[in-house]
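In what follows, a single structure is set out as C-alpha cells and then discussed.
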C-alpha cells in the first residue's frame with residue numbers, strides 16, 4: 249500500500265524499518281487541523297503517483313502524543329521523510345501541490361538518477377537516450393568506454409561534453425596517450441596506482457617543460473581534472489594549484 253495509517257505500536261516497523269527499503273513520508277496531522285485536511289489529499293496524490301517507490305504514513309498526533317514528542321512536533325501539519333531509519337527531509341505547514349511535488353522528487357530518485365547510480369553500460373546508454381545532453385550521463389558512459397578500451401567512442405562522446413573539468417581532463421588524457429607522450433604516460437600510470445602526488449609532480453614538471461602549446465594545454469586540463477576530483481580543500485590540491493599557476497604564468 250502506498251498510503252497507510254500508523255500509530256505508536258507499529259511506527260517502528262512501518263516507518264523506521266520500512267524506510268530502510270524505500271523512503272517513508274510521515275504526515276503528522278490531527279482531525280481538528282484545517283490545514284492538515286487541505287494538505288492530506290495533496291500528499292496522498294503525490295505518493296500514489298510514485299506507487300512502489302515511496303510510502304505515505306499518516307499519524308494522528310492527538311492519539312499518538314509520544315511519537316509526536318519524540319520527533320519534536322509542536323505545530324501541524326508537519327511532514328518528515330525517513331530514509332534508512334533517519335529523518336532525511338521535512339517541512340512544516342500546508343504547502344501548495346508544486347512544493348509537495350518538489351519535496352517528493354528530492355527523496356524519490358528519478359529514473360535518470362537510478363540509471364546513473366546503476367552505472368552499467370545499458371543503464372548509461374538509456375540515460376543518454378533520455379537526456380542526450382546530460383553531462384553526467386555522457387561523462388560516465390565515456391569513462392566506461394575508456395576503461396573497456398573503446399577509446400575512439402569515448403573520445404567522440406567527450407567532445408560533445410562542454411564546461412566540465414572531468415570531461416576535458418579525460419579527453420586530454422586520451423589525446424596524450426594517442427600521441428604516445430612518454431612522460432605523460434608515466435604520470436598516468438602513477439595516478440592510476442593511487443600515487444597522486446608523484447603523478448602530479450610529473451605532470452607539473454611536464455607542464456613547465458612542454459614546448460608544444462597544444463600538449464601544454466592538454467597537460468593543464470589533466471591536472472585541473474585531478475585537482476577538481478580532489479576538491480578545493482585538499483592540501484595536495486592547494487599546493488598543486490599554486491605550482492600550476494607558477495608554471496603557467
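In the working numbering, the protein residues as written are 249 to 497. Here a beta-carbon is modelled for each residue, glycine too, at the ideal position from N, C-alpha and C.
- Across the set 381, 480 and 447, the C-alpha of 447 shows the shortest separation from the C-alpha of residue 437.
- Excluding its 5 nearest sequence neighbours in each direction, residue 352 has C-beta neighbours in its own chain below 6 Å: 294, listed in chain order.
- DSSP lists 305 as the beta-bridge partner residues of residue 252.
- For residue 443, there is no enclosing alpha helix (DSSP H), as DSSP marks it with neither H nor E.
- For secondary structure counted as the beta strand (DSSP E) over 3 or more consecutive residues, the segment 347 to 411 holds no complete run.
- Below 8 Å, enough C-beta pairs join the segment 311 to 326 and the segment 252 to 268 to call them touching: three or more.
- Between the alpha carbons of residue 333 and residue 270 lies a distance of about 10 Å.
- At least 8 Å separates the beta-carbon of residue 409 from that of residue 402.
- The residue from 429, 449, 485 and 324 with its alpha-carbon nearest to that of residue 460 is 429.
- The shortest C-alpha to C-alpha distance from residue 468 to any of 305, 490, 378 and 482 is the one to 490.
- In the structure shown, the three-state DSSP call for residue 258 is coil.
- In the DSSP assignment, residue 275 forms a beta bridge with 306 and 327.
- Of the other Cβ atoms in all chains shown, fewer than 16 fall within 10 Å of the Cβ of residue 486; this residue is therefore exposed.
- In the DSSP assignment, residue 474 falls within the alpha helix (DSSP H) that extends over 461 to 478.
- In this structure residue 463 is buried. Its beta-carbon is surrounded by 16 or more other beta-carbon atoms within 10 angstroms.
- Non-local beta-carbon contacts of residue 434 in its own chain, meaning distances under 7 Å to residues more than five positions away in sequence, involve 450 in chain order.
- DSSP links residue 337 through a beta bridge to 329.
- Here the alpha carbons of residue 345 and residue 371 stand approximately 31 Å from one another.
- Residue 281 sits in coil when the DSSP states are folded into three classes, being neither helix nor strand.
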